[in-house]
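Asks: To convert, note that position 146 of the sequence shown is 146 in UniProt numbering; the numbers rise steadily by one, no gaps.
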Amino acid sequence: MNFAAFTDLHGSIKTLRKIAKVISRKDVDAVIFTGDFISLNQPIATELDNLEEILLELDSLDVPVYFVWGNRDLLLFEALREELERKGNNFPLMKFEQMLFNRLDIENLWVVRDSIEFSDDPELYITNDYTQIDEKTVYITHYRPEVFSDALLHLEGHVHYGQFKDNYFNLGFAYRDDLHGSEPLEGLIWFFEIDEDYKVSFYYELLGDLKEIVCPYHAEEGTFIVPNFWRKCPVCYDPENSKFSKYYV
């Protein structure tokens with residue numbers, strides 16, 4: 001089983017098309033995306049147009065794309081719901097998903113909630129429900145503060161830097177926008193292989209100016225992938241970024 005994975009696109013169609021070209025040159029059975037399709041710095045109508053364009057681009061990959069919504073996506077849906085309620089309409093998220101996918105004629109995209117089959121060779125499942133994880137499950141979420149070590153893989157995003165240790169992978173970002181005052185920056189895309197014995201191998205390809213670091217003060221955090229100009233690890237900058245550390249320096 002081979003799959004590509006990335007996260008936090010933040011509305012960059014240009015970056016997505018670059019990623020699609022990279023994926024087209026690989027032998028992958030599926031793609032995973034862990035949320036934040038949109039940027040949330042434009043009017044609702046513009047963000048919805050961008051979301052539709054992104055979904056159509058992903059659907060054109062011709063392999064199953066499994067995803068969860070990110071915090072910015074859900075904030076967009078909440079703003080849309082409030083606007084519709086002011087006009088006397090009720091518009092639940094799942095109804096919106098169904099209408100959107102039907103209108104766009106989406107065939108290859110799957111919103112992950114409960115456990116669903118991810119592969120039959122080897123037998124694998126994918127879920128967004130941490131109560132359903134086991135050693136044959138790929139757990140995907142936009143972000144959780146804890147690490148679920150019982151899963152075969154725990155994949156997430158949201159924090160805008162990469163990190164990996166054991167079964168845990170923060171996928172970093174595909175495109176970091178300037179919403180929080182940072183300079184825009186392209187990130188990375190990951191590729192995973194799971195063999196018949198459930199052994200996982202992986203590599204990533206950089207799209208932007210990033211580097212690997214292992215912090216001498218927080219080595220138990222594993223390996224970080226951060227913008228090249230960072231001088232410290234994310235936990236040094238903010239101890240609340242810790243996933244594994246029991247103490248801080």
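All residues carry an ideal CB built from backbone N, CA and C; glycine is no exception. For clarity, every value in this text was computed on a predicted model and none was experimentally measured.
Pull up the distance between the alpha-carbon of I133 and that of Y143, whole angstroms please.
Replies: To locate residue 133, count along the sequence shown from 1; it is residue 133. To locate residue 143, count along the sequence shown from 1; it is residue 143. Taking the straight line from one Cα to the other gives about 16 Å.
Asks: Using the beta-carbon count (16 or more within 10 Å), is R72 buried or exposed?
Replies: Position 72 of the sequence shown holds residue 72. With a 10 Å radius around the Cβ and a threshold of 16 neighbouring Cβ atoms, R72 comes out buried.
Asks: Any chance you could list the beta strand (DSSP E) runs of at least 3 consecutive residues sitting entirely within the segment 143-231, in chain order?
Replies: 153-156, 162-165, 168-171, 188-194, 200-206, 210-213, 223-227
Asks: By DSSP's criteria, S119 is part of a beta bridge. Which residues make up the other side?
Replies: As a first step, residue 119 must be located in the sequence shown, where it is residue number 119. Beta-bridge pairing links S119 to L124.
Asks: Let me confirm a value: Y247 is counted as buried when at least 16 other C-beta atoms fall within 10 Å, else exposed. Which label applies?
Replies: What you label residue 247 is simply residue 247 of the sequence shown in a count that begins at 1. Confidence in Y247 is poor, its pLDDT being 48 and thus under 50, which makes the residue's placement unreliable; the coordinate value appears in the next sentence. It is exposed - the Cβ of Y247 has fewer than 16 other Cβ atoms within 10 Å.
Asks: Answer yes or no: the CB of I19 versus the heavy atoms of the ligand FMN, is any distance below 6 Å?
Replies: The ligand FMN is not part of the structure shown, which contains no ligands of any sort.
Asks: Going by DSSP, what residue range makes up the beta strand (DSSP E) through T7?
Replies: One-based indexing of the sequence shown puts residue 7 at position 7. Note, T7: premise wrong, no beta strand (DSSP E); not H, not E.
Asks: Rounded to the nearest angstrom, what separates A20 and S39 at their Cα positions?
Replies: Here the question's residue 20 lines up with position 20 in the sequence shown. Here the question's residue 39 lines up with position 39 in the sequence shown. Cα-Cα distance, rounded: 19 Å.
Asks: With three or more C-beta pairs closer than 8 Å as the rule, is the segment 199-218 touching the segment 52-68?
Replies: no
Asks: Report the rounded CA-to-CA distance for I140 versus G88, giving the unit in angstroms.
Replies: For this step, residue 140 is matched to residue 140 along the sequence shown. For this step, residue 88 is matched to residue 88 along the sequence shown. So the alpha carbons of these two residues sit roughly 35 Å apart.
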